[in-house]
Every structure is written in C-alpha cells, then in structure tokens.
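First residue of the sequence shown? That's 6 in the working numbering, and the numbers climb one at a time after it.
Note that the Cβ used here is the ideal one computed from N, Cα and C, for glycine as well.
Note that the structure is a prediction, hence the values are computed from the model and not measured.
One structure is given below, encoded as structure tokens.
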Amino acid sequence: MSIDMPARPVAAVPFLPWNRPSIGPEEEAEVLDTLRSGWLTHGPKATRFEEAVREALGAQDAFAVSSCTAAVHLALLAARIGPGDEVITPSLTFCAVPNAVVQCGAAPVFADIDQVTFNLDPAAAEAAITPRTKAIAVMHYAGQPCDLAAFRKLADDHQLLLIEDAAHALHAWRDGARAGSVGDLTVFSFYANKVITCGEGGLLAGRGDLVEQARLLGRHGIDSSAWRRHGERRTAEYDVAVPGLKYTMPDITAAVGLRQWAKLADFTAARARIADAYDRSLAGLPGLRLPTVLEEVRHGWFLYPVLIDPVRGRTRDTVADALRDVHGIGTSVHFKPVHRLAAYRNPETYLPVTEQVAARELSLPCYPAMTAADVQRVIDAVHTLWR
Numbered sequence: 006m007s008i009d010m011p012a013r014p015v016a017a018v019p020f021l022p023w024n025r026p027s028i029g030p031e032e033e034a035e036v037l038d039t040l041r042s043g044w045l046t047h048g049p050k051a052t053r054f055e056e057a058v059r060e061a062l063g064a065q066d067a068f069a070v071s072s073c074t075a076a077v078h079l080a081l082l083a084a085r086i087g088p089g090d091e092v093i094t095p096s097l098t099f100c101a102v103p104n105a106v107v108q109c110g111a112a113p114v115f116a117d118i119d120q121v122t123f124n125l126d127p128a129a130a131e132a133a134i135t136p137r138t139k140a141i142a143v144m145h146y147a148g149q150p151c152d153l154a155a156f157r158k159l160a161d162d163h164q165l166l167l168i169e170d171a172a173h174a175l176h177a178w179r180d181g182a183r184a185g186s187v188g189d190l191t192v193f194s195f196y197a198n199k200v201i202t203c204g205e206g207g208l209l210a211g212r213g214d215l216v217e218q219a220r221l222l223g224r225h226g227i228d229s230s231a232w233r234r235h236g237e238r239r240t241a242e243y244d245v246a247v248p249g250l251k252y253t254m255p256d257i258t259a260a261v262g263l264r265q266w267a268k269l270a271d272f273t274a275a276r277a278r279i280a281d282a283y284d285r286s287l288a289g290l291p292g293l294r295l296p297t298v299l300e301e302v303r304h305g306w307f308l309y310p311v312l313i314d315p316v317r318g319r320t321r322d323t324v325a326d327a328l329r330d331v332h333g334i335g336t337s338v339h340f341k342p343v344h345r346l347a348a349y350r351n352p353e354t355y356l357p358v359t360e361q362v363a364a365r366e367l368s369l370p371c372y373p374a375m376t377a378a379d380v381q382r383v384i385d386a387v388h389t390l391w392r
C-alpha cells in the first residue's frame, strides 16, 4: 500500500512529541532550595545523587558529571586508553562513545549487533579483537540489557576493560543483574529525553580505583573537591596532581536528578504499561515487527523500537512522515549507524544486521508523561496507516 498525505494534519489536535520530560513541583522546589542555599556547583546534592546511584548498583564508587559523554571520556582517560589502542563498540548507537574514543587518540572498532535485541553480538565483538584492543563498550539498546555474562567472560578472557553504556537502561535488569553492575565502568545519561533527566548530566560508576582517577581528572586534576575545601570550611589550599578537565555536575543539576531518581520506579512502571498496550494493540500488523523481550530481561522501555518492512510504498520514512504530518505524532530513529556518518565512513566496514535494522527502525512515543489517550492516539494512527 502507499500512503497519501494531505498537506496538513486532518485534525486540529496538539502535536504529540516523541518524548517529553516529566517535571513537577518536587523538582522545582529542590532547585529553589539549591539556589537559596548559596551552594550551586558540585557539592552536597551532587554527592547525595552519586551515593544513591552507587548504592543501587552496588558499585564501589560513582561520580556525577556534566554529561554522559564526559563520563565516557573520563572512563577512557582513567583506564589510560590512548593512541594506538582500539575500543570495540556497536555502530547502532549515538556517536558519543566513538567520539570520546577518538578524542583520546584511540580508534573505535565497530562490530555487528544481534538481530533480536539489537545489542552488540558477543561473537561479532570477539571476532573484532586484535592485539590493540583495550576495551569493549557495550550498549543496552532501548533499555534491554545486552548479554552481560557473555561480555564479562569475554573481557576477562582477553584482559579487556568492560564499559557499559547504560544511557538507556538505568532501570533495567538481566539474569538478576542490574544494568551497570557488571562492567568495570558504567556510564549513564540524564539528558532531557532520558529515563530520568537533569536537563543535562551524566554519571560514571564502577571500580573504585578507576572512578577515583576519573574524579581527579574531572575536576581539573585538583586533589580535593571545592565542597571539601570550602563547604566543609577546610583550608582552601590545594594542588593539581595531573592536568585535568572540568566535568563535574553542579548541584542545581543534581537537585533535579535527586527528585527524578525518587520517581524512577513510577516512571519505569508507566513505560512498561505503554509498551504492553502497544504489544497488545499492534501485534499482527503485516510488515510491522514489534520489539522482542528475552525471558531473562526486565526491560526498561526507554525506547519502543519497531521495524517496518518496505512494502508497496510503505517505508520507515513514509510512516514517520505520515504520523507527523497527518496525525501530529512525533517519532524518532535510533540510530543512523555511526559507520555511515562522514567522520567514521569506511567502505570496508561491513555490518549487515546493523544496516538492515537501521534502515527499518522507528521509535514510537513511550514516556511517562503520555496519557492513556495519547497512547491510544498512536495506536489508532498506526492502524489507520496500515489500512
């Protein structure tokens, strides 16, 4: 079938964005309290936020930073990954991890994904290991954790650092292990559209020695924090142990994160309800593949990614255009493969599963701020397009 689109939406209804953060009076009050406290930079609230996440993960240490990309960069620097080294990573991801690898002077090596979960395939990752490989950076796509046990064994067998990119999976589990609790280091994102948001922000958790080195590097290489020197009224004398960077999360940002963290269970339940509604209502539509959840997984549903078969004029892009222009519904694509971006394009890179998934994937709205009417609106629009 083909999709004929009128020039403007058929109904005058408000646009339903692909994602919208859930911010309430609790976050507003916490930010106001921070502003009135006089302490705005990395201090007591950032420390509380770090401790909350660290305790939930059972990690040795955690460091709240300005972005997930900053967390990746610090993880690589702390592990002394640099020129001549290689880091294996999926290509079906955002460019943050490959960018950070390149900024350290190392090279990202892209491996193919599993065709069921869209996570990095352990066998493909193992085939990509060379004498220059120093780390594997796995990603938990859409909120479904990858095969953590397989990657832990792979990293141990080859004496590699295992980094978990849990930007989608703050709240997900596999085989009884929480995403972020198995790798040597894990990075989280608190960007505006993530599971919980600080507006911007990230966090690095994991091995105590590596996180402590990252903390030193992330505050200009200064050997004590501003909160320790000034907030606790200790001496302001300090030294710069190593040349560092400014990557700390300010308390204003952490204030939002603290209140969002308290809502994580409710957010997770809301996402699961939406995913269940889609599963029940969209199953059986020809040429529409719904997400597959493994039995051993407790999915976080950061994304609800469907695959659309190109049949009779219906493609991923025509469906996205029709949902936007006819029905006023936003969608997103996760992701344009990194190896197809200009900075990383290499004609010798061959990732057939990644290519197939990337050409067909479309993420439907799935976030706690959606009402039951919003969810039904998406379902009805998809059925209309398939008719």
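Between the CA atoms of residue j and residue i - distance to the nearest angstrom
i: G87; j: N104; result: 13 angstroms
i: L125; j: L153; result: 11 angstroms
i: L21; j: P370; result: 8 angstroms
i: M254; j: F54; result: 10 angstroms
i: A116; j: V187; result: 20 angstroms
i: F195; j: G207; result: 5 angstroms
i: A327; j: L290; result: 17 angstroms
i: L97; j: E242; result: 46 angstroms
i: I8; j: L308; result: Only weak support is given to the placement of I8: the predicted model assigns it a pLDDT of 48, under 50, and the question is left unresolved by the model.
i: A378; j: S42; result: 41 angstroms
i: P26; j: E301; result: 29 angstroms
i: H47; j: D256; result: 5 angstroms
i: L312; j: A133; result: 27 angstroms
i: T320; j: R212; result: 45 angstroms
i: A64; j: R392; result: 50 angstroms
i: M6; j: D322; result: Unreliable positioning characterises M6 in this predicted model, as indicated by a pLDDT of 38, which lies under 50. The coordinate reading is nonetheless provided below. Distance between the alpha carbons of M6 and D322 is about 14 angstroms.
i: A184; j: C203; result: 20 angstroms
i: A348; j: V362; result: 21 angstroms
i: L287; j: P310; result: 12 angstroms
i: N351; j: T191; result: 28 angstroms
i: D385; j: K251; result: 48 angstroms
i: P30; j: L45; result: 19 angstroms
i: T354; j: E33; result: 47 angstroms
i: W62; j: R303; result: It is Leu, not Trp, that sits at residue 62 in the sequence shown. Distance between the alpha carbons of L62 and R303: 15 angstroms.
i: V338; j: D66; result: 34 angstroms
i: T258; j: A75; result: 15 angstroms
i: A155; j: Q164; result: 14 angstroms
i: M393; j: G110; result: Absent from the model: residue 393. The displayed extent of the chain is 6 to 392, so no value can be given.
i: T297; j: A197; result: 26 angstroms
i: R59; j: S229; result: 20 angstroms
Residues near residue i in its chain [Cβ-Cβ closer than 6 angstroms; skip 5 each side]
i: A282; result: V380
i: T122; result: Q149
i: A172; result: C73, S194
i: D189; result: L166, L167, G211, R212
i: W23; result: G335, T336, S337, P370
With 16 other Cβ atoms within 10 Å as the buried cut-off, status of residue i
i: V387; result: buried
i: L40; result: exposed
i: Q265; result: buried
i: D314; result: exposed
i: V70; result: buried
i: A12; result: Since pLDDT at A12 reaches only 44, below the 50 mark, its modelled position is unreliable, and the value read off the structure follows with that caveat. The residue is exposed, with fewer than 16 neighbouring Cβ atoms inside 10 Å.
i: D162; result: exposed
i: V395; result: Summary: the structure shown does not reach residue 395, with the chain confined to residues 6 through 392, and so no result is reported for it.
i: T273; result: buried
i: R85; result: exposed
i: L37; result: exposed
i: E169; result: buried
Residue i and residue j closer than 8 angstroms at C-beta
i: I118; j: V343; result: no
i: E205; j: T138; result: no
i: A142; j: I93; result: yes
i: V209; j: L346; result: The question names Val, yet the displayed sequence has Leu at residue 209. Not a contact, by the Cβ cut-off of 8 angstroms.
i: W306; j: A277; result: yes
i: G249; j: L222; result: yes
i: A260; j: P373; result: no
i: P95; j: V106; result: no
i: L159; j: A182; result: no
Sequence-distant residues of the same chain with beta carbon closer than 7 angstroms to residue i, five excluded per side
i: Q218; result: A83
i: V245; result: H225, G226, I227
i: F99; result: F340
i: G89; result: R137
i: A128; result: none
i: T135; result: E91
i: D284; result: L295
Cβ neighbours of residue i in the same chain (closer than 8 angstroms, five flanking residues each side left out)
i: P19; result: G333
i: L263; result: E35, K50, R53, F54, A57
i: L293; result: L287, V311, L312, I313, D314, V387, W391
Cβ-heavy atom distance, residue i to the ligand SAH, below 7 angstroms
i: N104; result: As presented, the structure is devoid of all ligands, the ligand SAH included, so that no description of it is given.
Inter-residue CB distance, residue i and residue j (contact presumed, cutoff 8 angstroms)
i: H176; j: L299; result: Rounded, the Cβ-Cβ distance is 16 angstroms, inconsistent with contact.
i: T336; j: L367; result: 5 angstroms
i: A101; j: H145; result: About 14 angstroms separates the two Cβ atoms, so there is no contact after all.
i: R220; j: F68; result: 5 angstroms
Residue-level contact to chain B via CB, residue i, 8 angstroms cutoff
i: A130; result: You won't find chain B in this structure, because it holds only one protein chain.
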